[in-house]
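Here is the structure we will look at.
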Amino acid sequence: MAETLNAVFIEVDVDASVAGDAELAKKLEEVCPVDIFKAGGSGVEIVADNLDECVLCNLCVEAAPDGAVRVVKLYEQ
Ligand code: SF4
Numbered sequence: 003m004a005e006t007l008n009a010v011f012i013e014v015d016v017d018a019s020v021a022g023d024a025e026l027a028k029k030l031e032e033v034c035p036v037d038i039f040k041a042g043g044s045g046v047e048i049v050a051d052n053l054d055e056c057v058l059c060n061l062c063v064e065a066a067p068d069g070a071v072r073v074v075k076l077y078e079q
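If you want it as structure tokens, here you go:
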């Protein structure tokens, strides 16, 4: 029986309009349970190494202004 393994990759998209927002950066760093966001000197930073830990909890999306943060699921077959 053939088995297909689909790997899921998560991409987190931060809109340019809020990427430099230090307050939002701190908030995102706080809400994400797996530390995908980092409040850096230039605003919101994404910790690429942690992306595969995303639990799709949506807390980051809810913490940000409408549409400013998007969590995108990418599949590779
Ligand atoms: S959906 Fe949850 S785990 Fe994934 S990046 Fe947002 S806050 Fe972090």
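Numbered continuously in our numbering, the sequence shown closes out at residue 79. Positions of the beta carbon are idealized from the N, C-alpha and C atoms, including for glycine. These numbers were taken from a predicted model, which means no experiment stands behind them.
State yes or no: is the C-beta of residue i nearer than 7 Å to some heavy atom of ligand 1?
i: proline 67; result: no
i: leucine 61; result: yes
i: leucine 76; result: no
i: leucine 26; result: no
Using only alpha-carbon positions, find the residue among the options that is nearest to residue i.
i: leucine 26; options: Lys40, Val36, Glu13; result: Lys40
i: valine 46; options: Glu78, Ile12, Val10, Val71; result: Val71
i: leucine 58; options: Lys28, Val20, Pro35; result: Pro35
i: serine 44; options: Glu32, Asn52, Val20; result: Val20
Residue i bridges to which residues according to DSSP?
i: glycine 45; result: Gly42
Assign residue i to one of two classes, buried (16 or more other C-beta atoms within 10 Å of its C-beta) or exposed (fewer than that).
i: alanine 18; result: exposed
i: alanine 66; result: buried
i: valine 14; result: buried
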